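First the structure, in the form of structure tokens, and then the observations on it.
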Ligand code: SF4
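Numbering (the numbering used here), first residue to last: 192 to 662.
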């Protein structure tokens, strides 16, 4: 259970050629709401000018029918966002829309750049002014700095980025969709029934539009959507890959087809693998809603123990971890999950969840199960202990606050107050996805980072004529 300030950044979408492009973007953002709930935005192009509306809150809060109707254009990009700590400010909401030396550009970003601070520092020392605290804004500065008569300023700008990025740019005459050479974050290409090309973080957005999944945007590829249709070029050789396994464990929508697997089916397999690795005699398999539900189903199928929902969610309370303040978060957790004592009383329970971050919520729920009369609690987690920071787009809290930091599994079991605890092994987790184990990033579990994260580099070397001030 993600019970902390863990945040994902973010979901992106783009569509070219649709007369109701803003409305299409709205539907896609709605479908990808799980990827970011603190702000949302849509930028449109009518072929000449760009316009945008961004705001704090859920998609349905940010966009009223009247706002949507004012966003006219044949192309749109959209963005759902979580903020990083301390930066849940309206100015950071995306897409970022800027005037620059090349005209207008709007940009949405999913991922995290590990050399953004370095690049920003260098630009600021040269007089550039930044208006947000996001790592995304530096990309627009790079774009401007490389806007010369040379053919491909985007390609040039991308050469400077290190880290995870699935990007969607909107220019007046085209959309450019970019996936980093390692492919941490998903990005897919689709086509609507009306023949309009679109890109999205997840296939669930394509499904919501009735669009057909065409293919993934490849690692190191730029896909261009325009009046001429779709085109592709490379800006880098594919590396890795380093597909984020945590997308499968927790973040992606269950119906999404991701990195060659359907998320729901992977989660069932994770539960079955858990049952094989850590069998126990029990009366019921109980999911932690909603995050542990599918893995619990898999555990029940694998073990033959009946599945029962002994903890039920209040559907009118949002995901707990989107609340910026701790007090609000704790209150929301209490409101969100209720234990049904008639189901759990005097029973031996296998409780299944997808992950534990800080453990405070899990501990509270285990106490509640005890108070409700549970005889035994055997906790099963469908991924290994999270012990390391993520630098590629998932904001886990400070590693020191992770429950698995410098605690053994036995110590975590004691802290949580359960009779037994088992985390799915790394090999067990990787056996549930279809690509070879080396194709996934597992750094938050294993500590093995695909690229060095402590030595961000910059190749920034600008000639004076390339320096541009912009507002
Ligand atoms: S460190 Fe963990 S959360 Fe981050 S990209 Fe790698 S697997 Fe995903």
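Note that CB positions come from ideal geometry on N, CA and C, so glycine has one too.
All values reported here derive from a predicted model rather than from experimental measurement.
Proximal residues to residue i (C-beta, below 6 Å), its chain only, five neighbours per side dropped
i, result
"residue 332", "314, 319"
"residue 293", "338"
"residue 277", "Bear in mind that the predicted position of residue 277 carries a pLDDT of just 39, short of 50, making it unreliable; the figure below should be weighed with that in mind. Once the five neighbours on either side are set aside, residue 277 has no close Cβ partner at all."
"residue 655", "With a pLDDT of 35 at residue 655, under the threshold of 50, the modelled position of this residue cannot be trusted; read the value that follows with caution. Contacts found: none."
"residue 614", "572, 575, 576"
"residue 478", "484, 487, 543"
"residue 326", "304, 307"
"residue 329", "307, 310, 311"
"residue 496", "473, 476"
"residue 672", "In the structure as shown, the chain starts at 192 and stops at 662, and residue 672 therefore has no counterpart that could be examined."
Sub-7 Å separation of residue i and residue j beta-carbons
i, j, result
"residue 208", "residue 265", "yes"
"residue 160", "residue 487", "For the chain, the structure presents residues 192 to 662; residue 160 sits outside this window and is missing."
"residue 358", "residue 649", "no"
"residue 234", "residue 286", "yes"
"residue 394", "residue 404", "yes"
"residue 530", "residue 502", "yes"
"residue 550", "residue 609", "no"
"residue 223", "residue 238", "no"
"residue 217", "residue 302", "no"
"residue 399", "residue 389", "no"
"residue 548", "residue 483", "no"
"residue 459", "residue 619", "no"
"residue 461", "residue 632", "no"
"residue 587", "residue 375", "no"
"residue 367", "residue 334", "no"
For residue i, the first and last residue of its enclosing alpha helix (DSSP H)
i, result
"residue 492", "484-494"
"residue 310", "307-316"
"residue 501", "Per DSSP, residue 501 belongs to no alpha helix (DSSP H) and is neither H nor E."
"residue 334", "328-336"
"residue 190", "Since the first and last residues shown for the chain are 192 and 662, residue 190 lies out of range."
"residue 636", "634-637"
"residue 255", "Neither: residue 255 is in no alpha helix (DSSP H) and is coded neither H nor E."
Residue range of the unbroken beta strand (DSSP E) whose run includes residue i
i, result
"residue 389", "388-391"
"residue 247", "241-247"
"residue 234", "230-236"
"residue 271", "266-272"
"residue 355", "354-362"
"residue 301", "294-304"
"residue 203", "202-207"
"residue 380", "379-382"
"residue 614", "611-614"
"residue 529", "528-530"
"residue 420", "420-425"
Member of the options whose CA lies at the smallest distance from the CA of residue i
i, options, result
"residue 636", "647, 611, 553, 596", "596"
"residue 643", "339, 304, 600", "304"
"residue 219", "283, 553, 397, 257", "397"
"residue 598", "612, 583, 587", "612"
"residue 449", "385, 377, 490", "377"
"residue 533", "561, 549, 553, 259", "561"
"residue 557", "528, 327, 302", "528"
"residue 369", "589, 623, 347", "347"
"residue 435", "290, 211, 640", "640"
"residue 362", "607, 205, 632", "205"
"residue 245", "585, 619, 297", "297"
"residue 630", "367, 385, 433", "433"
"residue 383", "480, 451, 545, 210", "210"
"residue 431", "227, 226, 645, 626", "626"
"residue 267", "242, 374, 322", "242"
"residue 607", "316, 256, 568", "568"
"residue 300", "336, 252, 342, 349", "349"
"residue 634", "427, 601, 600, 590", "590"
"residue 240", "225, 387, 290, 481", "290"
"residue 494", "601, 621, 386, 463", "463"
"residue 419", "226, 365, 413", "365"
Residues of its chain near residue i, where Cβ-Cβ distance is below 7 Å and the 5 sequence neighbours each way are ignored
i, result
"residue 455", "445, 446, 485"
"residue 647", "305, 306, 309, 353"
"residue 727", "The requested residue 727 is not part of the displayed model; the chain covers only 192 to 662."
"residue 263", "235, 237"
"residue 443", "393, 449, 454"
"residue 510", "Reliability fails at residue 510, whose pLDDT of 49 lies under 50, so the model's placement of it is uncertain and no value is given."
"residue 617", "575, 633, 636, 637"
Beta-carbon proximity list for residue i, same chain, < 8 Å, skipping 5 on both sides
i, result
"residue 406", "379, 380"
"residue 536", "563, 564, 565"
"residue 147", "Because the chain in this structure spans residues 192 to 662, residue 147 falls outside the shown range and cannot be described."
Rounded distance between the beta-carbons of residue j and residue i, thought under 8 Å
i, j, result
"residue 429", "residue 372", "6 Å"
"residue 231", "residue 259", "Not quite, the Cβ-Cβ distance comes to about 12 Å (not below 8 Å), so this is no contact."
"residue 539", "residue 473", "4 Å"
"residue 465", "residue 490", "5 Å"
"residue 546", "residue 440", "6 Å"
"residue 585", "residue 437", "6 Å"
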